[in-house]
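The numbering of the sequence shown is the numbering used here, which starts it at 17 and goes up by one.
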Amino acid sequence: MPNHLCLQRRICHLITSLVIGVTILVAELPIAKSSPTTNTTNTTNTTNLVNRPNPNIDAVNRATRLTDEVADSLEKRLRSPKKDRRELPESENVLRRQVKKVVVDEEKVWRDMVEGAVQAYEHSSKPEDQLAAESLIVGILENPDAPVETQRECLKHLAQFALDSNSLATAQQIYSQLVSRYPLHSDTPSILYRQGVLYRKIGATELALSKFHAVMSTVVSLQVKDITTYRSLVLLAQTEIADTFLMAGQFDRAADYYRRVLKLGNSDLNEAQVRLKLVKAVFELKDWKGVLAEGQQCIEKAALSTQIAEVRFLMAEAHKKLGMHQEAIQQTLELLNTEQERASKDPDNWAYWQKRTGNKLANELYEQGDYLNALLIYETLFKLPGNAEWHSQAQYQIGLIYERMFQPDRASAAYTEIISRSTNAAPVPNNVAQSSDTNSTNGTPSVQPSSAMLENKVASQSLAQPVSSGLNLIREMAQWRLNNLRWDQNVNKEVQKIFLPNASSTTNRISGVKNSIP
């Protein structure tokens, strides 16, 4: 080692000498160029030596400093030990990245464990497998090394498991833990909303209202830059408050909250649904004029909505309560006719309200003796799309109205069409026809059935394929009414032969007048 240091020092001195020599030569080069090249005498040489200028001291000093700096730098590099590559800053950065990756992978491991348990619960059909998956979630929740966000997700999954098993009380307790542990979490308002829905489901109206109000107050207290992300949730909470009042029978407060929600004019609001509920609340308050006003606004602002059918039904009922029967009939006909093009969106809903509205009003008109308007509505109901049972019901009512209007021929035609509507009609029991022979609506004694009645019985018995019980009952009733009409006609003929033998021409004229009635 000492020999190595001596060698280094000699090299440094050698380099220094070379640098100094080169610098001096460079400084004296102009003087050498100006001296004569020919041989001179000693006198001339002496004169030149006396007159030569002094050497460039600044250049020498610069060369010396440069040499010292080079020597010092070399000495420091030679004396300093060689650094290991593993201790370089780049290696330290690599190590930090690896540590960070390990931390991230650890969080991912926790998430994967939770997701695996959830999938096992959802895809398992055995209770013991679901219990094992739930126990795994509980174990992750109770592990102190689990990340906070992972524990929160575990609580949410446990609450959902409780809801799936219809354990509403357990789900409510877990939601309460979520709210108490993470009061300012961004997901807390939605948890409060779920609590409100659960409380309302079990009948705790006041607690449900408090949770819905807490949704709005929590959103205000959250430290978020953009609060508009909770706009839909707040709007939903306000609507749920009104729905809760409606379900609790507080119709005045429900109507007030529905009007408040409508004043917001939010594009996310299902305006047709809210207006329908407002009409229902006003209808329960028996504010018939208010029903007409709110219903008209609903028709104007949400004309293409599927809720319009129920709105028209409520408006028709309000018209009847106010004694406006013609307006009620007009409202019903508009529901049955002009709304047909909108029924494609929700055909089942439209069909239900059309049939309910038409049947209710037509039956009331029939009982009141307004046969013309009742007939008009029943004929419109008959044109609605439906199965054979529905058309048979409407046509049976049409036959009854024709009987009341003293048009037996048209009534018989309606009953006959019901019986022969389908080739797979069930046979009419014999006791139905037999009972028609011995009973009548006006108490007239029975007579021997005619050949036409026997033919109808044979034709009905030849059809042996089964149909629905409802359709079979309607056809039995139609057959009974048809037999009764024919029996009544035969009785009238026999009575006329006995007491009025010359009145056959008069009877024909009277029946012709009856048949001419529209």
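Where is the CB? At the ideal position from N, CA and C, for every residue including glycine.
query	result
Using a Cβ-Cβ cutoff of less than 6 Å, which residues in the same chain neighbour Ser226 once the five nearest sequence positions on both sides are dropped?	none
Spatial neighbours of Thr204 within its chain, please: C-beta separation below 7 Å, excluding the five flanking residues on both sides.	Val195, Tyr198, Thr234
By Cβ distance below 6 Å, which residues in the same chain neighbour Gly212 in space, the five residues on each side in sequence not counted?	Ala224, Lys227, Phe228
What are the boundary residues of the alpha helix (DSSP H) that includes Val295?	287 to 300
Tell me whether the beta-carbon of Gly415 lies closer than 7 Å to the beta-carbon of Tyr431.	yes
Taking the C-alpha atoms as reference points, what is the distance between Leu501 and Asn379?	22 Å
Report the rounded CA-to-CA distance for Asp504 versus Gln423, giving the unit in angstroms.	13 Å
Output yes or no for whether 7 Å exceeds the beta carbon distance between Leu171 and Ile156.	no
What is the rounded straight-line gap between the Cα of Val290 and the Cα of Gly219?	22 Å
In or out: Gly385 buried (at least 16 other Cβ within 10 Å) or exposed?	exposed
Helix or strand or just coil, what does DSSP make of Met421?	coil
Between the C-alpha atoms of Lys317 and Arg247, what's the straight-line distance to the nearest angstrom?	23 Å
With Val277 as the anchor, note down where its alpha helix (DSSP H) starts and where it stops.	267 to 280
The alpha helix (DSSP H) with Asp504 in it runs from where to where?	485 to 515
Our contact map puts Glu123 next to Pro163 with C-beta atoms below 8 Å; I'd like the distance itself, whole angstroms only.	6 Å
What does a CB cutoff of less than 7 Å around Gln370 pick up in its chain, not counting 5 residues either side in sequence?	Ala325, Leu351, Leu352, Leu400
Skipping 5 residues on each side, what residues in its chain have a beta carbon closer than 8 Å to that of Ser408?	Ile434, Arg437, Leu487, Ile490, Arg491, Ala494
Could you tell me the distance, in whole angstroms, from the CA atom of Ala309 to the CA atom of Asp303?	10 Å
Quick one: is Arg216 buried, meaning 16 or more other Cβ sit within 10 Å of its Cβ, or exposed?	buried
When the Cα atoms are used, what is the spatial distance from Ser140 to Tyr368?	39 Å
Tell me the rounded alpha-carbon separation between Gly265 and Ile257.	13 Å
Provide the residue span of the alpha helix (DSSP H) that contains Ile324, from first to last.	324 to 337
Within 10 angstroms of its Cβ, does Ala185 collect 16 or more other Cβ (buried), or is it exposed?	exposed
Let me confirm a value: Thr245 is counted as buried when at least 16 other C-beta atoms fall within 10 Å, else exposed. Which label applies?	exposed
Out of Ser183, Thr255, Asn182, which has the shortest C-alpha to C-alpha gap to Tyr209?	Thr255
Would you give the residue range spanned by the alpha helix (DSSP H) that Ala309 belongs to?	304 to 317
By the DSSP assignment, the alpha helix (DSSP H) with Asn149 in it spans what residues?	Before going further, note that residue 149 is Ala rather than Asn in the sequence given. 143 to 158 is the span of the alpha helix (DSSP H), which, as asked, contains Ala149.
Under the rule that 16 or more other beta-carbon atoms within 10 Å means buried, what is Arg497, buried or exposed?	buried
Hey, would you say Leu214 sits closer than 7 Å to Gln188, going by beta carbons?	yes
Count the other CB atoms, across all protein chains shown, that sit within 10 Å of the CB of Arg328; report buried if there are 16 or more and exposed otherwise.	buried
Leaving out five residues before and five after Leu381 in sequence, what residues of the same chain have Cβ atoms less than 6 Å from its Cβ?	Asn389, Ala390
Cutting at 8 Å between CB atoms, please list the residues of its own chain near Ser467, excluding the five before and the five after it.	With a pLDDT of 41 at Ser467, under the threshold of 50, the modelled position of this residue cannot be trusted; read the value that follows with caution. Excluding sequence neighbours, Ser467 sits near nothing in its chain.
Could you spell out where the alpha helix (DSSP H) holding His229 opens and where it closes?	221 to 237
Let me check understanding here. Comparing Cα to Cα, which of Val307, Arg420, Leu252, Thr348 lies closest to Leu280?	Leu252
Of the choices Lys241, Val298, Ser428, Gln312, whose alpha-carbon is the least far from that of Phe261?	Val298
Answer with buried or exposed for Leu516, where buried requires no fewer than 16 other C-beta atoms within 10 angstroms of its C-beta.	exposed
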